Each structure stands twice: as structure tokens, then as C-alpha cells.
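Encoded as C-alpha cells, the structure appears first; notes follow it.
Numbering (this note's numbering), first residue to last: 14 to 202.
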């Protein structure tokens, strides 16, 4: 019975295709970035609160709550990305966060505000123009990588939601096409 090899799935011979390896590497990399960023913010919530406040986007009433809650969600997202657990939700949150962070950077750059982003636990102090451009390039790259994960997850090319490989699907139509009627000369014996 022939097997249908679905793109992104791990074949039975144990070899991984390039897309699956790229997905795994990007997933673990972004998970590590989220873990590192979250831990820096968790140990210094006051600094992160100042960084959020310097963006001048959120109302004052939400700044402290965001500084306390957001790093824990980032931590959970990072754990899920690295482990492969709840992968669809983790990839969605990762992409959503990076889109919001990148948009906030662009918004503040357009308003002429130039500050440290606070991404990795810094206090959001005024920064140099080069560092803002660097931050935008870095976050833009992270966003592109996350969109790659998001597209793979939406297209179903990533295995199960828990990150483990699915067995190959059998193609019943191919199985019926490949079975031929026995040759009458061979069966007469």
C-alpha cells in the first residue's frame, strides 16, 4: 500500500525535510528569545514599567499591570515554543506580540520619540537613532521569522499541535489504483 508523503511531516525513515528542520530551528530560537526577554522583565518589573510608560501609548492605569502580566505570558509563550506544547497558540501569541511590538516601535519613530525599546529588560531610556533602527531591524526580523512559523502552522505543515511528528497518511485512492487484477496466465499455474 503506497504512502502519501505530506510536506512537513516526518517520514517513517526518520529523515527530516528542510522545511521541518527550519521550522524547528526558528521555533526554538524565537522561544529562547521570548524566554530571555521575559526573564529580564520579570526580575525588573519597575524598569519594564518605565519602558512601557516611555512609549506613551497605554493609559497610566494599564502600564503597571502590563509590566507585571506581559512577561509571564511571554515566558509561557517561550516555554511552549521551545517544548512544542500548545504550538498553535504559542505561534499565534508570538506573532501577535511581535506585530504589536514592531508597530509600537514604528509608531514612536514616526512621532519622533527615540528611546530604548525595553525589549530585554532595559528601562526604556532615551537611545540613539542607530539603536532604534537596529531595534526595528531586529524586531522586523523576529516578526518575519514568526510569520514563517504562523504560515506553516496555518497550512498544517507542522505535525501535531504538541510538536511531535505525525505518522504518514495512507492514501486509499492510490492503494486502489496500484492494485491490478491478477494475470490469468500466472494463476492457471
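By construction, the Cβ of each residue, glycine as well, lies at the ideal position given by its N, Cα and C atoms. These numbers come from a predicted model, not from an experiment.
The beta carbons of residue 104 and residue 163 sit closer together than 8 angstroms.
The beta carbon of residue 108 lies closer than 8 angstroms to those of 156, 159, 160, 162, 163 in the same chain, with the five residues before and after it left out.
Separation of residue 98 and residue 69 (C-alpha to C-alpha, rounded to the nearest whole angstrom) is 35 angstroms. Taking a 10 Å sphere around the C-beta of residue 93, we find 16 or more other C-beta atoms and assign the residue as buried. Excluding residues up to 5 positions away in sequence, 51 lie with their Cβ nearer than 6 angstroms to the Cβ of residue 88 in the same chain. Just so you know, the alpha carbons of residue 125 and residue 30 end up roughly 45 angstroms apart. Restricting attention to 154, 33, 58, 36, the CA atom closest to the CA of residue 85 is found in 58. With distances taken between CA atoms, residue 65 lies nearest to 132 out of 132, 150, 146, 167. From the listed residues 46, 102, 153, 79, the smallest Cα separation to residue 119 is found for 153. Cβ atoms of residue 165 and residue 42 stay farther apart than 8 angstroms, at about 14 angstroms. Minimum Cα-Cα distance from residue 129 among the listed residues 61, 80, 111, 83 corresponds to 61. Distance between residue 74 and residue 127, taken at the CA atoms: about 23 angstroms. Contact check for residue 47 and residue 102: beta-carbon distance about 13 angstroms, past the 8 angstroms limit, so the pair fails to qualify.
Residue environment for residue 76: buried (at least 16 other C-beta atoms within 10 angstroms of its C-beta). Judged by DSSP secondary structure, residue 101 falls within the alpha helix (DSSP H) whose first and last residues are 100-123. The beta-bridge partner set that DSSP reports for residue 149 is empty.
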